[in-house]
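Participant:
Residue numbers (my numbering): 354 to 733.
1) Relative to the alpha-carbon of residue 607, which residue among 670, 589, 540 and 482 has its alpha-carbon at the smallest distance?
2) Tell me residue 723's beta-bridge partners as DSSP assigns them.
3) Let's see if you can read the secondary structure: which residues bound the beta strand (DSSP E) around residue 580?
4) Could you tell me which residues DSSP pairs with residue 451 in its beta bridges?
5) Note down the Cα distance separating residue 678 from residue 510, rounded to an integer number of angstroms.
6) List the residues that DSSP assigns as beta-bridge partners of residue 512.
7) Hey, residue 736 and residue 483 are a contact pair by Cβ (cut 8 Å); roughly how many whole angstroms apart?
8) Count the CB pairs spanning the region 402-409 and the region 438-457 that are closer than 8 Å, and state whether there are at least three.
9) What are the complete beta strand (DSSP E) segments, minimum 3 residues, inside the region 602-634?
10) Would residue 692 be called buried (16 or more neighbouring beta carbons within 10 Å of its own) or exposed?
11) Helix, strand or coil: which one does DSSP assign to residue 487?
12) Quick one: what does DSSP say residue 505 is sitting in, helix, strand or coil?
13) Is the beta carbon of residue 580 less than 8 Å from the beta carbon of residue 559?
14) Excluding sequence positions up to five away, which residues of its chain have a Cβ less than 6 Å from the Cβ of residue 501?
15) Mind checking which residues open and close the beta strand (DSSP E) that includes residue 472?
16) Taking DSSP as the reference, what is the three-state secondary structure of residue 717?
17) Should the region 460-476 be called in touch with the region 434-444, which here means at least 3 C-beta pairs below 8 Å?
18) Helix or strand or just coil, what does DSSP make of residue 423?
19) Is it right to say residue 498 is buried, meaning 16 or more other beta carbons lie within 10 angstroms of its own, or is it exposed?
20) Indicate the three-state DSSP secondary structure (helix, strand or coil) for residue 649 in the structure shown.
21) Going straight from the alpha carbon of residue 488 to that of residue 521, what length do you get?
22) How many Å lie between residue 490 and residue 480 at the Cα?
23) So, for residue 674: in the same chain, excluding its five sequence neighbours on each side, which residues have a beta-carbon less than 8 Å away from its beta-carbon?
24) Going by DSSP, what residue range makes up the beta strand (DSSP E) through residue 567?
25) Mapping the DSSP letters down to three states, classify residue 657 as helix, strand or coil.
26) With H, G and I counted as helix, E and B as strand and the rest as coil, what does DSSP make of residue 380?
27) Does the Cβ of residue 701 have 16 or more other Cβ atoms within 10 Å, making it buried, or fewer, making it exposed?
28) What does the alpha-carbon distance come out to for the pair residue 609 and residue 587?
29) Would you kindly work out how many angstroms separate the C-alpha atoms of residue 386 and residue 708, rounded to a whole number?
30) When burial is assigned at 16 or more other CB atoms within 10 Å of the CB, is residue 596 buried or exposed?
31) Can you tell me whether residue 415 is helix, strand or coil according to DSSP?
32) Taking Cβ positions only, does residue 422 come closer than 8 Å to chain B?
33) For residue 680, which residues does DSSP report across the bridge?
34) For residue 472 and residue 728, what's the separation of their Cα atoms in angstroms?
35) Between the C-alpha atoms of residue 626 and residue 616, what's the straight-line distance to the nearest angstrom?
What follows is the structure in structure tokens.
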């Protein structure tokens, strides 16, 4: 049976601890032993987070945007925008995808990109990243360290801006629960719908709000899109119906103001968390109707958010204070603030719940933390 979407890995990525149990290739991979899950962190994930211990500040290239962990390989993947260096429109620079060892933190591989934005692991050997100034989604094979596909996010009828290779500027990607559709949000357009298995563009969806960013599927047909808005419109949260042919229709809009940015599923059925950067809020969001149940002021302009693997704690990069915030979702309060580098941006937690990484956009670096857990203070 296919998984319930609430089982999917938080922040747009499948949780391979569960995905591997799907029929077909995932189950085959598990049976032949080519997939193993790290159990280095023996403390149960349900235990309280006691401390985030800084392990190392790792130097990246300019403007690191996002970081992703692999569920099995001891590796971290960082997408870099690469700064403002002037290059020809066909150049694969100054951005990159960097692969770092989680064992000795050394650089293992650098893949040139025009502007690396987001990363997404969709299979044990497949990583996708968005190249913003090339209007492409790149399929990258991890075992061979090679690009296998470059998928355009727009039809040939769309003309690029003069002297560039872009018109849409792709940002965030999400895979539908049935793994058939890959949806991409754009800074200058609406969405692109890609047939994931064949790496083929199905259609581009025109603007339905200004600057769509984070997305979450609550089932195969319902997509929740966070619309940044600023500076060209109102911040809002939009629910879309996505059909099998890639067509869409708006189900509802919740105009919040500010700039809703990212959304992650909670471990509670029917609930998600949303960051609103310019309103300085975290929302507890109802998937059923797109409404807000609770909101929390962070005091630091929350950007990227990711849920701890234990389900209780939410981590947020606070762009306005150069901090990483730890939010207790049961107590509904910020329990810890950790000073980071300048302009913290990308954020991820390893599937085994042991590591947390956060990128420092204006310092060309990434901070790696070990998540120290202890027994829960609650009664059984």
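C-beta atoms are modelled at their ideal positions from N, C-alpha and C, and glycine is treated no differently. Treat the numbers as computed from the prediction; the structure is a model and nothing was measured.
Facilitator: If we stick to the structure as given:
1) The alpha carbon of residue 607 has as its nearest neighbour, out of 670, 589, 540 and 482, the alpha carbon of 589.
2) 406 and 708
3) 575-580
4) 431 and 463
5) As the crow flies, the alpha-carbon of residue 678 is around 44 Å from that of residue 510.
6) According to DSSP, residue 512 bridges with nothing at all.
7) A question about residue 736 goes unanswered here, because the residues of the chain that appear run from 354 up to 733.
8) no
9) Complete beta strand (DSSP E) runs here, min 3: 613-618 and 624-629.
10) exposed
11) helix
12) strand
13) no
14) 492 and 494
15) 469-476
16) coil
17) yes
18) coil
19) exposed
20) strand
21) 6 Å
22) 10 Å
23) For residue 674, where only same-chain residues beyond five positions count, the Cβ hits under 8 Å are 652, 653, 654 and 690.
24) 565-570
25) It is a strand residue.
26) Note that residue 380 scores a pLDDT of 27, beneath 50, so its modelled location is shaky; the value from the coordinates is reported in the next line. Here DSSP, grouped into helix, strand and coil, assigns residue 380 to helix.
27) buried
28) 8 Å
29) Residue placement at residue 386 is flagged as unreliable, the pLDDT there being 29, under the threshold of 50; the coordinate-derived value follows with that caveat. Spanning the two alpha carbons is a distance of roughly 24 Å.
30) Classification of residue 596: exposed, given that the 10 Å Cβ count is below 16.
31) coil
32) Among the protein chains of the structure shown there is no chain B, as only one such chain exists.
33) 667 and 687
34) Near 33 Å, if we compare the C-alpha coordinates of residue 728 and residue 472.
35) 6 Å
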